[in-house]
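Trainee: Protein chains in written order, with my numbering: chain A, 39 to 373; chain B, 39 to 373. Backbone N, C-alpha and C fix where the C-beta goes; we use that ideal spot for every residue, glycine too.
#1: What residues in its chain sit with their C-beta under 7 Å from that of residue 261 of chain A, if we drop five residues either side in the sequence?
#2: Is residue 274 of chain B close to chain A? Criterion is C-beta to C-beta, closer than 9 Å.
#3: Sorted by chain position, which residues of the same chain lie with C-beta nearer than 7 Å to residue 332 of chain B's C-beta, five sequence neighbours on each side aside?
#4: Give the interface partners of residue 260 of chain B over in chain A, defined as CB-CB distance under 9 Å, in chain order.
#5: Since residue 333 of chain A meets chain B, which of its residues come closer than 8 Å, beta carbon to beta carbon?
#6: Taking C-alpha atoms, which residue in B:46, B:80, B:75, B:76 lies nearest to residue 64 of chain B?
#7: Using C-beta distances below 7 Å, list every residue in its chain close to residue 252 of chain A, excluding the 5 sequence neighbours before and after it, in chain order.
#8: Assuming residue 283 of chain B and residue 160 of chain B make a contact with CB atoms under 8 Å, what is their CB distance in whole Å?
#9: Using a cut-off of 8 Å between C-beta atoms, extract the partners of residue 346 of chain A located in chain B.
#10: Interface residues of chain A around residue 203 of chain B at Cβ under 8 Å?
#11: Pair every Cβ in the segment 110-129 of chain A with every Cβ in the segment 72-88 of chain A, then say whether three or more of these pairs are closer than 8 Å.
#12: May I ask you to report which of helix, strand or coil DSSP gives residue 49 of chain B?
#13: I'd like to check one pair, residue 281 of chain B with residue 288 of chain B: are the Cβ atoms closer than 9 Å?
#14: Closest to residue 58 of chain B by CA distance: which of B:257, B:362, B:353, B:189 is it?
#15: According to the Cβ coordinates, are residue 108 of chain A and residue 243 of chain A closer than 9 Å?
#16: Below 8 Å between beta carbons is the criterion; list the residues of the segment 87-99 of chain A that meet it against any residue of chain B, in chain order.
#17: Quick check on residue 141 of chain A - is its C-beta less than 9 Å from some C-beta in chain B?
#18: Where does residue 352 of chain B land, buried or exposed, given buried means 16+ other C-beta within 10 angstroms?
#19: Which one of B:177, B:126, B:120 has the shortest CA to CA distance from residue 153 of chain B?
#20: In whole angstroms, what separates the C-alpha of residue 169 of chain A from that of residue 72 of chain A?
#21: Run through chain B and tell me which residues come within less than 7 Å of residue 314 of chain A, C-beta to C-beta.
#22: If you run the structure through DSSP and keep just helix, strand and coil, what is residue 250 of chain A?
#23: Assuming residue 266 of chain B contacts residue 181 of chain B (C-beta within less than 8 Å), just tell me the rounded distance between them.
#24: Starting from residue 213 of chain B, follow its DSSP beta bridges and name the residues at the other end.
#25: Tell me which residues share the same chain as residue 271 of chain A and place their Cβ nearer than 7 Å to its Cβ, disregarding the 5 neighbours each side in the sequence.
#26: Would you give the residue range spanned by the alpha helix (DSSP H) that residue 85 of chain A belongs to?
#27: Quick check on residue 222 of chain B - is its C-beta less than 9 Å from some C-beta in chain A?
#28: For residue 227 of chain B, decide whether its Cβ has a neighbour in chain A, counting only Cβ atoms nearer than 9 Å.
#29: Should residue 243 of chain A be flagged as near chain B, meaning a C-beta pair shorter than 9 Å?
#30: So which of A:298, A:346, A:342 has the shortest CA-CA distance to residue 314 of chain B?
#31: Report the residues of the segment 170-192 of chain B with a CB closer than 9 Å to any CB of chain A, ordered along the chain.
#32: Using DSSP with H/G/I as helix, E/B as strand and the rest coil, what is residue 133 of chain B?
#33: Kindly indicate if chain A contains any beta-carbon less than 9 Å away from that of residue 284 of chain B.
#34: Given that a residue counts as buried once 16 or more other Cβ atoms are within 10 Å of its Cβ, and exposed if not, what is residue 104 of chain A?
#35: On the three-state DSSP scale, how would you describe residue 244 of chain A?
#36: Taking only beta-carbon positions, decide if residue 68 of chain A is within less than 9 Å of chain B.
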């Protein structure tokens, strides 16, 4: 029986040529294929990716994160416009494993970066939807490759949700930017442990009006804190600055620091080694996800697991023995 | 063909009774069974663990880490003696995935805590040996259960190696103690990212002699840094103090803080929920290790993987497609 195939699909070569020529309409349609869960689209997507792969990679990839309310959209709008004024082509992608396309996140994304979305050299694409972080991250990372092949030379990848996706974004970008607000303490509740240590740069956002003094205090506090923490393999010392999207201050400094960073890591070899490691880790993450899917997706395992969790908590069985028991059930069933 | 069975093994019940009575000689011999890689010993070990499981858990488990040179052994000797003076029975275990029993680490451990090792209420056991961190961590965690069943009410688990094992120790303890030295900066190179944020307490060690002033500066710096970082689920704010094993100062404060911590987390329910989560995570870690062993241990996978890594780096194949290719090879082979 033939599988369902959407009518409005183009030939593989049309997608490939269109992306390589930088055609925005074709780029969008190619990303739609990548985001699709239909089997026929998955085959098509693989063919497109395989063909554009050699043309990908020529960009600086910047991850941007921060809790809701930190002013991410406004910052990205200001930063994006600055980059375009500098002659760059900017693509903005996002990762939000909790997003549901049908619930209006497209509309949300279009309206929240209004000015930027009308510029010729900006390409904005909301988060792909999906059930697993791994699935959503794959789609975003592959969309990033398409944008690069289409000539976008700065890719901004933002996390939209809270938690979880920061590590995924960190794993696919060259530079990781954390937006914070002044008034250390409460606003940190939303930042998960370990995120701070990933940051190549912390920007105290909304450093304007009544926040001027407290932003400078926050900047010094974070700067001191980050200097105490272990240095990254990149050899880069994270910087802390202030920015205001309203006053248009500090935006240019962010780009200057990104350029300094890139020049350092290209020189010391970290840029390339990190990219290679990211690609290999990407494969291993997919393998490990698939292995877990194979195991935890099987019915015999599901039934046994919840029983074992209870038995472990009540000390009826040791965790080591429980793991052995369920592995033998799985092996018997799989063979 | 019958398997090799060591001659000097006791009956299962002899181990079980001996451990539950707190017999140190039997305890040591039971741990030897747990650490053994012989199949007959593994079966025996499971029987012992299963029987003592209900008697385990009645201790406070303290993880202790810090880079080589920070004075861990001297600190643990001083801390252990303090606990024994307070009427506690103290067991000291360690995790060192790189340890090779034959290379003399037993001798090392016996001599480095000379005074403590002669005390009736102290039990010192060096790290189990093994090829994988998961394997070594299992053995240490099961030895910990035996020590608890034998009546030890404070378990100190130290990391001996650098890196890696901190997360394993954190995953099996209630309280995580990080030893540091004054002179922020260089000495941090050995501490991996993320470790600092696990700490419930940081002790600036060797706060004596010429280090007095710099230790106080370091204490303040870490205290400020830790306050900026996200709070733990336990509701506990990490404390930073100073200690000197030579001057016998600050050791009592560590124990006071551990007691404060325990009283807080018992009250707010974190102590129990964390223990339960740790047990369940322990099972999942074992399952995931076994799954990886099944996959990465297979010859077809090994051969294909190194080829794929090269193809990924040279952009001949996308990481997603590479993962799919190798999963289908594995599935075909396994069936």
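Mentor: On the basis of the supplied data:
#1: Indexing the first chain from 1 puts residue 261 of chain A at position 223. Cβ neighbours of residue 261 of chain A beyond the five flanking positions: 278.
#2: Within the second chain, numbered from 1, the residue matching residue 274 of chain B stands at position 236. With 9 Å as the cut-off, residue 274 of chain B does not count as an interface residue toward chain A.
#3: Taking the first residue of the second chain as position 1, residue 332 of chain B is located at position 294. Apart from sequence neighbours up to five positions away, no residue of its chain approaches residue 332 of chain B with a beta-carbon distance below 7 Å.
#4: The residue labelled residue 260 of chain B in the question sits at position 222 within the second chain. By Cβ distance, chain A contributes 266.
#5: As a first step, residue 333 of chain A must be located in the first chain, where it is residue number 295. Against chain B, the beta carbon of residue 333 of chain A has neighbours under 8 Å at 325, 329, listed in chain order.
#6: As a first step, residue 64 of chain B is located in the second chain; it is residue number 26 there, counting from the start. Looking from the CA of residue 64 of chain B, the closest CA among B:46, B:80, B:75, B:76 belongs to B:46.
#7: Translated into the one-based positions of the first chain, residue 252 of chain A becomes position 214. Within the same chain, and ignoring the five residues on either side of residue 252 of chain A in sequence, the residues whose Cβ sits closer than 7 Å to its Cβ are 220, 221.
#8: Residue numbering aside, residue 283 of chain B sits at position 245 when the second chain is read from its first letter. Residue numbering aside, residue 160 of chain B sits at position 122 when the second chain is read from its first letter. Here residue 283 of chain B is actually not in contact with residue 160 of chain B; their C-beta atoms are around 16 Å apart, not less than 8 Å.
#9: The count along the first chain starts at 1 and reaches residue 346 of chain A at position 308. Against chain B, a Cβ distance below 8 Å from residue 346 of chain A picks out 321.
#10: Start at 1 with the first residue of the second chain, and residue 203 of chain B comes out as number 165. What residue 203 of chain B touches in chain A: nothing, since even the nearest Cβ is about 16 Å away.
#11: The segment 110-129 of chain A vs the segment 72-88 of chain A: no contact.
#12: Here residue 49 of chain B corresponds to residue number 11 of the second chain, with the count starting at 1. Correct three-state label for residue 49 of chain B: coil.
#13: The residue labelled residue 288 of chain B in the question sits at position 250 within the second chain. The residue labelled residue 281 of chain B in the question sits at position 243 within the second chain. Yes, Cβ-Cβ distance for residue 288 of chain B and residue 281 of chain B is below 9 Å.
#14: Your numbering for residue 58 of chain B matches position 20 in the second chain. Cα-wise, what sits closest to residue 58 of chain B is B:189.
#15: As a first step, residue 108 of chain A is located in the first chain; it is residue number 70 there, counting from the start. As a first step, residue 243 of chain A is located in the first chain; it is residue number 205 there, counting from the start. In this structure, the beta-carbon distance from residue 108 of chain A to residue 243 of chain A falls below 9 Å.
#16: Answer in chain order: 87, 88, 91, 92, 94, 95.
#17: Counting from 1 along the first chain, the entry for residue 141 of chain A is found at position 103. Caution is warranted here: a pLDDT of 41 is assigned to residue 141 of chain A, below 50, making its placement in the model unreliable, and no coordinate value can be reported.
#18: As a first step, residue 352 of chain B must be located in the second chain, where it is residue number 314. The Cβ neighbour count for residue 352 of chain B, taken over all protein chains shown within 10 Å, is under 16; the residue is labelled exposed.
#19: As a position in the second chain, residue 153 of chain B is number 115, starting the count at 1. Nearest option by C-alpha distance: B:120.
#20: Counted from its first residue, the first chain places residue 169 of chain A at position 131. Counted from its first residue, the first chain places residue 72 of chain A at position 34. A direct Cα-Cα distance of roughly 15 Å separates residue 169 of chain A from residue 72 of chain A.
#21: Position 276 of the first chain, counted from the first residue, corresponds to residue 314 of chain A. Chain B residues near residue 314 of chain A: 351.
#22: By 1-based counting over the first chain, the position of residue 250 of chain A is 212. In the structure shown, residue 250 of chain A falls within a helical segment according to DSSP collapsed to helix, strand and coil.
#23: Taking the first residue of the second chain as position 1, residue 266 of chain B is located at position 228. Taking the first residue of the second chain as position 1, residue 181 of chain B is located at position 143. So it is not a contact: roughly 37 Å between Cβ atoms.
#24: Sequence index remark: in the second chain, residue 213 of chain B carries index 175 (1-based). DSSP output for residue 213 of chain B lists B:100 as bridge partner(s).
#25: Translated into positions along the first chain, residue 271 of chain A becomes position 233. The residues are 308.
#26: Within the first chain, numbered from 1, the residue matching residue 85 of chain A stands at position 47. Per DSSP, the continuous alpha helix (DSSP H) segment holding residue 85 of chain A begins and ends at 77-90.
#27: Here the question's residue 222 of chain B lines up with position 184 in the second chain. In this prediction, residue 222 of chain B has a pLDDT of 49, which is less than 50 and means its spatial position is unreliable; what the coordinates show is noted afterwards. Answer yes: the Cβ-Cβ gap between residue 222 of chain B and chain A drops below 9 Å somewhere.
#28: For the purposes of this step, residue 227 of chain B is taken as the residue at position 189 of the second chain. With a pLDDT of only 48 at residue 227 of chain B, under the threshold of 50, the placement of this residue in the model should not be trusted; the figure read from the coordinates follows. So yes, residue 227 of chain B belongs to the interface.
#29: What you label residue 243 of chain A is simply residue 205 of the first chain in a count that begins at 1. So, not an interface residue.
#30: Within the second chain, numbered from 1, the residue matching residue 314 of chain B stands at position 276. The candidate whose alpha carbon is nearest that of residue 314 of chain B is A:346.
#31: If the cut-off is 9 Å between Cβ atoms, the segment 170-192 of chain B has 176, 179, 180, 183 near chain A.
#32: What you label residue 133 of chain B is simply residue 95 of the second chain in a count that begins at 1. In the structure shown, residue 133 of chain B sits in a strand (DSSP, three-state: E or B).
#33: Counted from its first residue, the second chain places residue 284 of chain B at position 246. Residue 284 of chain B is outside the set of residues whose beta carbon lies under 9 Å from a beta carbon in chain A.
#34: Along the first chain, read from residue 1 onward, the residue named residue 104 of chain A stands at position 66. With 16 or more neighbouring CB atoms inside 10 Å of its own CB, residue 104 of chain A falls in the buried class.
#35: Walking along the first chain from the start, residue 244 of chain A turns up at place 206. Taken through DSSP and simplified to helix, strand or coil, residue 244 of chain A comes out as coil.
#36: In the first chain, residue 68 of chain A corresponds to position 30, counting from 1. No, residue 68 of chain A does not count as interfacial toward chain B.
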